Structures are given as C-alpha cells and as structure tokens.
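2 protein chains.
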Amino acid sequence: MESSSATAGVSTRREATRQKLYEAAVTLIAEQGFSATTVDEIAERAGVAKGTVYYNFASKSVLFEELLRHGVGLLTTSLREAAESTARAGGGKVDALDAMIRAGLVFIERYPAFTQLYVAELWRTNRAWQSTLMVVRQEAVAVVEGVLREGVENGEFSEEIDVPLTAAALVGMVLVAALDWQSFQPERSLDDVHAALSRLLQGRVSGRRG
Amino acid sequence: MESSSATAGVSTRREATRQKLYEAAVTLIAEQGFSATTVDEIAERAGVAKGTVYYNFASKSVLFEELLRHGVGLLTTSLREAAESTARAGGGKVDALDAMIRAGLVFIERYPAFTQLYVAELWRTNRAWQSTLMVVRQEAVAVVEGVLREGVENGEFSEEIDVPLTAAALVGMVLVAALDWQSFQPERSLDDVHAALSRLLQGRVSGRRG
DNA sequence: CTTTTTGAACTGACTGGTCAGTGCAAAAAT
DNA sequence: ATTTTTGCACTGACCAGTCAGTTCAAAAAG
C-alpha cells in the first residue's frame with residue numbers, strides 16, 4: 001500500500017525487480033523492436049514471472065515509457081554535469097561542447113541498447129508514447145542548445161548559427177558515429193572516436209595543415 | 001497467352017501495383033514500425049486486396065526488404081551524382097561534401113517516411129533483413145568515404161582524419177538535423193538548413209568573427 | 001468480324017497460431 | 001501482518017499467410 005515510504009527510497013525489493021525488467025526489456029526491444037518483443041520474453045529474461053511484470057507496471061507500453069524516461073534522465077544528467085564541470089574549471093563553451101560529446105560517447109558505450117531503441121523510436125509518429133518521447137528529447141537537446149546559446153551571447157560562437165538546428169546536428173553527429181562505432185568497429189577506443197569527432201567539430205577536417 | 005510481354009519490360013500493371021504497395025508500406029512502417037504494421041493495413045492503403053500483396057511479394061518481410069533496396073538505391077545514386085557534378089565543375093572535395101549534404105537534404109525532403117524507417121531499422125540486430133540493410137548502407141556510406149579519401153590524397157583534408165568515422169558522423173549530422181527539421185520545424189526552407197550544416201562542416205561555428 | 005479460350009492478376013473469406021492481459025491461490029520475503 | 005512474487009490456466013483479439021474462385025484483356029479459333 002505504501003506510496004513513497006519515508007526516507008530510504010521506495011522499497012528496495014520492488015525497485016530491484018523493476019530494474020531487472022528495464023534491463024531485460026531494453027536489450028530485447030533494441031534488438032527486435034517494441035511490437036516484436038513479447039511480455040513473456042521480457043519476464044523470462046528478467047528471471048521473473050509474467051504476473052510480476054503486471055504487478056509492477058500497468059501495461060507493456062507503460063513499462064516502455066518509464067524505461068524511456070529513466071534512460072533519457074540518465075543521459076540528460078550526464079550531459080549537464082559535463083557542461084557544468086568545464087564551466088567550473090574555467091573552460092570556454094567549446095570545451096563544454098567537447099565534454100558533452102565525450103559524455104554522450106560514454107553514455108552510448110555504457111548503454112548501447114538504450115541508445116539504439118531511442119533512435120529507433122524518436123521520429124515515429126502515431127505511437128502511444130509519442131508525447132513522453134518529445135518531452136524527454138527536449139530535455140536532453142535543451143542542454144546542448146543552452147551551451148550554444150551562451151556561447152553566442154559571450155561571443156565565442158558566431159551569431160549566425162542556428163541554435164536548434166546546430167544542436168540537432170551535433171547530437172546526430174555523435175549518435176550516428178557512436179552507433180556505427182559500436183556496430184561496425186567496436187575494437188576502437190572511446191578516445192579515438194572522441195578525437196575524430198572533436199576534429200570535425202572544430203573544423204580541422206578541411207584544415208590546411210597536414 | 002503472352003508470358004512476359006515482348007519488349008516493354010514486365011507487365012506495367014504489376015509494376016504499378018508494386019509501386020502502390022511500396023508507397024503504402026513506407027508511410028505506415030515509418031509511422032508505426034514494421035511489426036506494428038499489418039499486411040491488411042498496407043493492402044487497404046494501397047487500395048488493393050490482401051491477396052494481391054502475396055501475389056506480388058513472397059512475404060511481409062520480403063516486401064520490406066525490397067522497399068529498403070529500392071529506397072537506398074535512389075539515395076546512393078543521388079549522392080554519387082552530386083559528387084560527380086561538382087567534380088565536373090572543377091570544384092574541390094569540400095564542394096563535393098557540400099553538394100552531398102544538399103543532395104541528402106533533398107532526398108529526405110522528398111522521402112521523409114523512407115528516411116525515418118531507414119534510421120529506425122539501421123542499428124537493429126537479429127532481424128531478417130539485417131544483411132540486406134548492411135549491404136545497402138555500405139553502398140551509401142562508401143560514396144561519402146570515397147570523397148573523404150580522395151580529399152586526403154590530394155591534400156585538401158588533413159591526413160589525420162578517420163575516414164569511416166568521419167563519414168558516419170557527417171551522415172548522422174545530416175540525417176538527424178533533417179529529421180528534426182521535418183518533425184519539429186517543417187516551415188524552414190531547405191536552403192536554411194543547408195546553410196546551417198555547411199557552416200558546421202566548415203568549422204564556422206566557433207568562428208571568431210561575429 | 002465474332003466467339004471461345006487462356007492465364008496473369010487480383011480478391012477476400014478463412015485458418016491456425018500468437019500474444020497482451022487477467023485471475024487467483026499459494027508461497028516467499030520483509 | 002503486509003507486500004511482493006510466483007505459477008499457470010485462460011480468454012479474446014488480432015494477424016500472417018492461404019486458397020478457391022473471379023475478372024478481363026488479349027490471343028486463338030471459327
């Protein structure tokens with residue numbers, strides 16, 4: 001019956017079960033897609049009875065929605081921390097962007113399945129969790145947009161840049177490069193990938209020096 | 001009594017039906033995903049009986065695979081033409097990249113649903129059409145990689161760039177920016193979006209001039 | 001010509017299987 | 001003592017794929 005128990009954060013047992021279900025669901029859905037993944041499979045992979053899934057989540061869709069919220073929450077936090085820590089260290093906005101690229105890569109390295117699933121769902125329309133997705137997406141992109149906007153204000157970035165579009169392009173750059181890294185050349189190190197993206201960000205691709 | 005009519009390539013009727021089915025399938029699958037889209041829906045939207053789908057395609061998966069091949073083929077052709085036409089006009093590799101960005105945007109503007117669906121499926125594993133997808137992906141990315149490699153050879157690009165990774169990042173930049181454009185600010189013009197991406201590509205974001 | 005035949009293309013009712021979600025009593029954990 | 005989990009049988013909707021039958025334009029026959 002408890003609704004949010006006093007201090008020690010909502011009954012550990014339940015939370016542990018939920019976590020197991022998230023983990024099971026995220027890989028299965030990343031591999032197969034939402035509709036092709038059955039509740040029985042999720043329960044089995046989590047090592048839990050089917051009834052438990054429904055004891056913990058109202059429906060398959062709700063499980064998925066909360067998974068999305070949870071995952072993007074982690075990403076957003078991580079991006080924000082990256083930006084703030086460079087600010088504290090007295091770095092400029094370029095450093096902040098660079099740190100956020102790295103934070104993005106670290107996130108994708110740690111949660112590749114979640115990233116896959118997120119990308120696969122992001123531009124779909126007509127789906128139950130569409131609005132949830134829009135909200136969490138905006139939270140994450142807003143962090144990047146914020147840094148860009150501050151950079152324009154303090155003169156570090158050109159006033160001509162299109163903040164939302166550039167933010168989207170940066171996110172896309174990291175996302176797709178990282179997914180390709182994971183899928184097609186997983187032996188590469190994170191530093192390698194980070195260096196390549198840094199170079200691209202700073203326009204050192206068409207650079208005149210060898 | 002004819003079996004495949006003399007010259008005029010495989011009965012027009014059949015080809016027209018297939019085309020209608022592609023068009024119906026592409027929007028539905030982009031919106032809902034492969035598994036959530038029923039063959040009945042596809043048939044209905046195409047204005048055709050369900051049996052006709054199976055008369056023309058061996059299965060739902062095969063229909064989808066041929067759709068993928070067809071669509072990526074169009075994109076690849078378009079990218080190649082863009083690169084070649086700048087070459088013929090005596091432009092450098094930066095111009096080629098820029099033209100390819102534009103070609104990508106034009107493609108996405110014309111076939112937004114296909115693009116959506118392609119992105120959503122690209123990083124999935126364990127799916128029937130996985131291998132098909134890898135092949136067509138490589139065809140498209142190879143065009144970008146080719147231009148980058150030539151640019152490195154002729155000294156226009158730094159030798160330090162990581163060709164496959166940079167190619168993936170560029171594709172991602174265009175893809176995500178364009179999908180965001182379509183989804184969240186469709187009123188923007190293609191030229192606008194192109195300009196923003198060009199600026200990013202040429203490192204004129206963190207430029208020192210206002 | 002006119003009639004008949006042919007066969008590719010198409011139709012839609014039907015089948016067999018799958019799956020989300022339910023119900024509930026008993027067991028385990030806290 | 002209460003919350004959480006289990007196990008499992010059950011239901012009803014839904015859906016991929018099938019198949020016997022229809023349509024019709026063009027070819028062959030008369």
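Chains as they are written, first to last, in the UniProt record's numbering: chain A, 1 to 210; chain B, 1 to 210. All residues carry an ideal CB built from backbone N, CA and C; glycine is no exception. None of these values were measured; they are calculated from a predicted model.
When rounded, the separation of the alpha-carbon atoms in A:Leu133 and B:Ala168 is 25 Å. Per DSSP, reduced to three states, the secondary structure at A:Ser198 is helical. Per the Cβ contact rule, the stretch 164–181 of chain B is in contact with the stretch 140–147 of chain B (3 or more Cβ pairs under 8 Å). With fewer than 16 other beta carbons inside 10 angstroms of its own, A:Thr38 counts as exposed. For B:Arg204, there is no enclosing alpha helix (DSSP H), as DSSP marks it with neither H nor E. Note on geometry: alpha-carbon atoms of B:Asn56 and A:Trp129 lie some 34 Å from one another. Here A:Gln19 is exposed. Its C-beta has fewer than 16 other C-beta atoms within 10 Å. No beta strand (DSSP E) of 3 residues or more sits fully in the stretch 102–156 of chain B. Taking C-beta atoms as the reference points, B:Thr27 and B:Ala113 count as a pair closer than 8 Å. Residue environment: A:Leu179 is assigned as buried (16 or more neighbouring CB atoms within 10 Å of its CB, all protein chains considered). Only those residues of the UniProt domain "HTH tetR-type" (15–75) of chain A whose C-beta falls short of 8 Å from the nearest C-beta of chain B are listed: Ala30, Glu31, Gln32, Gly33, Phe34, Ser35 and Ala36.
B:Gln182: member of the alpha helix (DSSP H) spanning Val163 to Phe184, first to last residue. At a beta-carbon threshold of 9 Å, none of the residues of chain A lie near B:Gln130; the nearest stands roughly 10 Å away. In the DSSP assignment, B:Arg188 falls outside any alpha helix (DSSP H), carrying neither H nor E. Where A:Val48 is concerned, there is no enclosing alpha helix (DSSP H), because DSSP gives it neither an H nor an E. For B:Ala83, the enclosing alpha helix (DSSP H) has its first and last residue at Lys60 to Arg88.
A:Val171 and A:Ile161 do not touch by the CB rule: their CB atoms are close to 15 Å apart, not below 8 Å. Within chain A, the C-beta atoms nearer than 7 Å to that of B:Met173 come from Ala169, Gly172 and Met173, in chain order. Cβ contact annotation for A:Ala30 (same chain, cutoff 6 Å, sequence separation greater than five): Ala113, Gln116 and Leu117, in chain order.
For B:Ala196, the chain A residues whose C-beta falls within less than 8 Å of its own C-beta are Ile161, Asp162, Leu165, Thr166 and Ala169, listed in chain order.
Taken through DSSP and simplified to helix, strand or coil, B:Ala25 comes out as helix.
Among the residues of chain A, those whose CB is under 9 Å from the CB of B:Leu179 are Leu122, Trp123, Ala168 and Gly172, following chain order. At least one CB atom of chain A sits nearer than 8 Å to the CB of B:Asn126. Taking a 10 Å sphere around the C-beta of B:Ser78, we find 16 or more other C-beta atoms and assign the residue as buried. Close to chain B, meaning a Cβ-Cβ distance shorter than 7 Å, are the following residues of the stretch 100–121 of chain A: Gln116, Val119 and Ala120. Nearest Cα to B:Glu23 within the set B:Gln32, B:Ala36 and B:Ile42: B:Ile42. For A:Gly155 and A:Asp95, the gap between their C-alpha atoms comes out near 14 Å. Taking the C-beta atoms as reference points, B:Leu63 is found nearer than 8 Å to B:Val53. Residue A:Asp191 holds the alpha-carbon nearest to the alpha-carbon of A:Ala103 among A:Trp123, A:Asp191, A:Ala36 and A:Gly47.
Pairing B:Ala36 with A:Arg13, the inter-Cα distance amounts to about 34 Å.
When rounded, the separation of the alpha-carbon atoms in A:Ala83 and A:Met100 is 6 Å. Not a single CB atom of chain A sits nearer than 8 Å to the CB of B:Val147.
Using beta-carbon distances, B:Ser189 does not count as an interface residue toward chain A, since no partner is under 8 Å. Rounded to whole angstroms, A:Gln182 and B:Met173 show a C-alpha spacing of 17 Å.
Using a Cβ-Cβ cut-off of 8 Å, B:Val144 does not count as an interface residue toward chain A, since no Cβ of chain A sits closer than that to its own.
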